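For the sequence shown, UniProt numbering begins at 1 and goes up steadily by one. No residue lacks a Cβ here, since even glycine has one placed at the ideal position from N, Cα and C. Note that the coordinates shown come from a computational prediction; the quantities given were computed from them, not determined experimentally.
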Amino acid sequence: MKSTGGSDAEKRAAGESAAEAVEDGAVVGLGTGSTAAHAIRAIGRKVDSGLDARGIPTSFQSRELAKEAGMPLTTLDETDAVDLAIDGADQFSGPHLVKGGGAAHAREKIVDAAADRLLVVADPSKEAERLDHPVPVEVLPDARTTVAAEIRALGGSPTLRSAERKDGPVVTDNGNLVLDCDFGEIPNPAELATDLAALPGAVEHGLFVGMADEIHVGREDGVEVEEF
Ligand SMILES: O=C(CO)[C@H](O)[C@H](O)COP(=O)(O)O
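Right under this line is the structure:
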């Protein structure tokens with residue numbers, strides 16, 4: 001699994017802190033990435049000790065991890081409510097996030113938005129005064145060039161994400177491509193989110209505007225929890 005940003009100890013502290021919020025009977029959205037992975041493993045240990053909880057994975061990676069951790073799984077189709085979701089972020093500024101470093105932001109947004117509470121788990125390197133991380137946009141393969149042109153018209157600089165250990169682009173769990181779109185500093189995330197959502201062929205973008213209810217920031221000496 002690809003790890004970015006801070007230390008594994010910081011990520012683990014954040015993930016384990018958020019996992020403490022999972023109560024008996026809970027349905028939990030399982031985020032993607034190296035920090036969310038620590039939360040999934042911690043919930044798995046609680047399940048092992050008798051906790052009754054079911055997980056809704058947001059990606060192939062989180063499904064495999066949850067299975068490995070012995071966690072019972074369910075789907076949005078099979079449940080009426082998602083009590084909480086625990087997910088990572090590439091950058092956060094207050095409750096606003098940029099996600100999609102693992103190209104899983106489309107399913108993450110569906111599950112995170114369906115949850116009563118979204119707990120974000122992060123290391124300190126993810127915090128920013130203002131968002132300026134490139135925004136991943138998942139696009140239908142046929143719309144790659146037209147969406148890229150629209151992104152340029154919006155002032156962004158799109159780059160097709162390429163796979164590290166394969167010739168060619170990253171293909172998402174949904175069979176689409178990803179454009180990483182650099183807009184520099186993003187003064188108005190809500191406005192940019194609206195513009196990106198309106199592009200024909202853009203399946204989902206990685207701006208999660210105002211979506212975090214809590215951010216658990218893991219540090220070497222403890223965890224800081226911000227609530228919104
Ligand atoms: O959005 C994501 C995947 O699409 C991840 O949550 C994000 O990339 C953070 O990953 P990590 O915890 O490994 O830094």
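Subject >> Classification of L154 by the beta-carbon crowding that lies within 10 angstroms, buried from 16 upward >> reply: exposed
**OP:** Please name the residue, chosen from A128, G70 and K99, that lies closest to R45 on a Cα-to-Cα basis.
**Re:** The shortest C-alpha separation from R45 is found at G70.
Original post:
Using DSSP with H/G/I as helix, E/B as strand and the rest coil, what is R107?
Top reply: Residue state, collapsed to three classes: helix.
**OP:** Specify whether the segment 205-216 and the segment 86-98 touch according to this definition: at least 3 beta carbon pairs, one from each stretch, less than 8 Å apart.
**Re:** yes
**OP:** Compute the minimum distance between the beta carbon of E64 and the heavy atoms of ligand 1, and state whether it is under 7 Å.
**Re:** Using a cutoff of 7 Å, the CB of E64 does not count as near ligand 1, since none of the ligand's heavy atoms is closer than that.
Subject >> Pick from P136, F183, E164 and E23 that is closest to R152, judged by C-alpha positions >> reply: F183
Subject >> Residues near V147 by beta carbon distance below 6 Å, same chain, minus five either side >> reply: V139, L199, G201 and A202
Subject >> With 16 other Cβ atoms within 10 Å as the buried cut-off, status of T32 >> reply: buried
Original post:
Taking C-alpha atoms, which residue in P134, V171 and I215 lies nearest to P189?
Top reply: P134
**OP:** Say yes only if the C-beta of A9 is nearer than 7 Å to one or more non-hydrogen atoms of ligand 1, and no if none qualify.
**Re:** no
**OP:** Look up G70 in the DSSP assignment and give the residues it is bridged to.
**Re:** Answer is none; G70 lacks a bridge partner.
**OP:** Consult DSSP for A81 and reduce its assignment to one of helix, strand or coil.
**Re:** Note: A81 maps to coil in three-state DSSP.
Subject >> Contact set for K11: own chain, Cβ-Cβ below 7 Å, skip 5 residues either direction >> reply: Short of 7 Å from the beta carbon of K11, and not among the five residues preceding or following it, lie these beta carbons of its own chain, in chain order: S34, T35, H38, D123 and G218.
**OP:** Pick out whichever of L65, I40, G25 and R41 has its Cα sitting closest to the Cα of T79.
**Re:** It is G25 whose Cα lies nearest to the Cα of T79.
**OP:** Enumerate in chain order the residues of its own chain whose CB-to-CB distance from N174 is below 8 Å, with the five nearest sequence positions on each side excluded.
**Re:** A106, R107, E138 and V203
**OP:** In angstroms with no decimal places, state the Cα-to-Cα distance between H205 and A53.
**Re:** H205 and A53: Cα-Cα distance of roughly 30 Å.
Original post:
Once you ignore the five residues that flank A9 on each side, which residues in its own chain have a CB closer than 7 Å to its CB?
Top reply: E220
Original post:
Terminal residues of the continuous beta strand (DSSP E) containing I215?
Top reply: E214 to R219
**OP:** Could you check what DSSP says for A21 in three-state terms: helix, strand or coil?
**Re:** If DSSP states are grouped into helix, strand and coil, A21 belongs with coil.
Subject >> Heavy atom of ligand 1 within 7 Å of H205 beta-carbon >> reply: Checking the Cβ of H205 against ligand 1 gives no.
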